[in-house]
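Peer 1: Numbering (my numbering), first residue to last: 38 to 355. Let me give you the structure first, and then I'll get to my questions.
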Ligand code: GDP
Ligand code: CA
């Protein structure tokens, strides 16, 4: 079975670990979000691609959910001693090596997709990881500050400001001119099932869908498309997804997120048992819906979620 998954960082990566356990023989292609990418200290950093690669490759800091395990921060401390920031972005010594290799390869002319493949040769994530695009796409967030409108990089909004002020718009800068990376449309066309993990619907899955061609390819693939809600009990399980959902006019509920994707894209949607009341409205919107436990508390619970998603996919296929 060929499965395509559109993934952000932590939510996507943890789900993928469960999917690999639930479907050990499946051929899994992950289309990764690169809207979070940022240039720091002259280096190209791809937080979501790295979170997937480290999580599936066994190098992730488990408690934190991002960054390397057994990490140290000497380079960051030395940079700070020179007064060189930003200090709010946590880049560890081991992690730096990834960004150095990536930047060096990009500088030598390799596209990001080829660089990602090369990095994955070390980590062996057990899935094919492709960035959504080789072209630069950068998510920017508009906020109101001191009575005026200000636009900041997504990482500045998310990591530095911890989304503490309301966002008025989320813009994937460069997306309209970006092309899907080689292999993206081919993987979608060859898929038996397409899954949206419980990743951020706006700045992870939404950014991938903003690359021209990807949304249409998924809608036209003619195979079941099933998503899992990142919103449980009216709030994100982790992080501040409610802030960016509000910016695009979507309520932070499991049913509103399903309707935001829409029946033109989604065939099936899983909500948590706490949101069982969302099943009827989602089905009324033309999307098959089931309430099952959706907390990725451990690998077995996550694998059970993945099995439910695959079961729902078979149900809508029938
Ligand atoms: P990011 O790029 O690191 O922010 O990661 P993603 O976009 O892939 O996923 C973030 C989303 O994962 C957040 O909106 C969380 O609500 C969601 N999430 C995290 N843990 C869980 C969980 O255990 N269950 C569900 N349903 N969602 C989760
Ligand atoms: Ca992210």
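Cβ atoms here follow ideal geometry from the backbone N, Cα and C, with glycine treated the same way.
Tell me whether residue 73, by its Cβ, gets closer than 8 Å to a heavy atom of ligand 2.
Peer 2: yes
Peer 1: Do you know offhand how far residue 75's Cα is from residue 83's?
Peer 2: 7 Å
Peer 1: Does DSSP put residue 100 in a helix, in a strand, or in coil?
Peer 2: coil
Peer 1: Under the rule that 16 or more other beta-carbon atoms within 10 Å means buried, what is residue 203, buried or exposed?
Peer 2: exposed
Peer 1: Going by CA-CA distance only, name the one from 259, 174 and 307 that's closest to residue 70.
Peer 2: The residue among 259, 174 and 307 with its C-alpha nearest the C-alpha of residue 70 is 174.
Peer 1: Would you check whether ligand 1 has a heavy atom nearer than 8 Å to the C-beta of residue 273?
Peer 2: yes
Peer 1: Under 6 Å Cβ to Cβ from residue 85, same chain only, skipping five residues before and after it: list those, please.
Peer 2: 45, 46, 69, 70 and 73
Peer 1: Can you find a heavy atom of ligand 1 that lies under 8 Å from the Cβ of residue 265?
Peer 2: yes
Peer 1: Tell me whether residue 41 sits in a helix, a strand or coil according to DSSP, three-state version.
Peer 2: The DSSP-derived three-state label of residue 41 is strand.
Peer 1: Do you know how far the Cα of residue 77 is from the Cα of residue 127?
Peer 2: Residue 127 and residue 77: Cα-Cα distance of roughly 11 Å.
Peer 1: Across which residues does DSSP place residue 64 in a beta bridge pair?
Peer 2: 39
Peer 1: Drop a sphere of 10 angstroms on the beta-carbon of residue 139, count the other beta-carbons inside from all chains shown, and report buried for 16 or more, exposed for fewer.
Peer 2: Counting other Cβ atoms within 10 Å of its Cβ, residue 139 reaches 16 or more and is therefore classed as buried.
Peer 1: Please determine whether the Cβ atom of residue 240 lies at a distance below 8 Å from any heavy atom of ligand 2.
Peer 2: Placement of the Cβ of residue 240 at a distance of less than 8 Å from at least one heavy atom of ligand 2 is found.
Peer 1: Looking at the strands, I want to know which residues DSSP matches up with residue 251.
Peer 2: DSSP, once it has assigned bridges, lists no residue as partnering residue 251.
Peer 1: Where in the segment 205 to 289 do unbroken runs of the alpha helix (DSSP H), each at least 4 residues long, occur, reported from the N-terminal end onward?
Peer 2: 221 to 227, 242 to 246, 251 to 257 and 278 to 284
Peer 1: Have a look at residue 52 and residue 234 and give me their C-alpha separation to the nearest angstrom.
Peer 2: 6 Å
Peer 1: If the criterion is Cβ atoms closer than 9 Å, does the pair residue 239 and residue 272 meet it?
Peer 2: no
Peer 1: For the alpha helix (DSSP H) that residue 322 lies in, which residues bound it at each end?
Peer 2: Careful: residue 322 lies outside any alpha helix (DSSP H) and carries neither H nor E.
Peer 1: Which of helix, strand or coil does DSSP assign to residue 135?
Peer 2: In the structure shown, residue 135 falls within a helical segment according to DSSP collapsed to helix, strand and coil.
Peer 1: Cα separation between residue 253 and residue 236?
Peer 2: 20 Å
Peer 1: Assess, as a yes-or-no matter, whether the segment 298 to 306 is touched by the segment 248 to 264 under the definition of 3 or more beta carbon pairs within less than 8 Å.
Peer 2: yes
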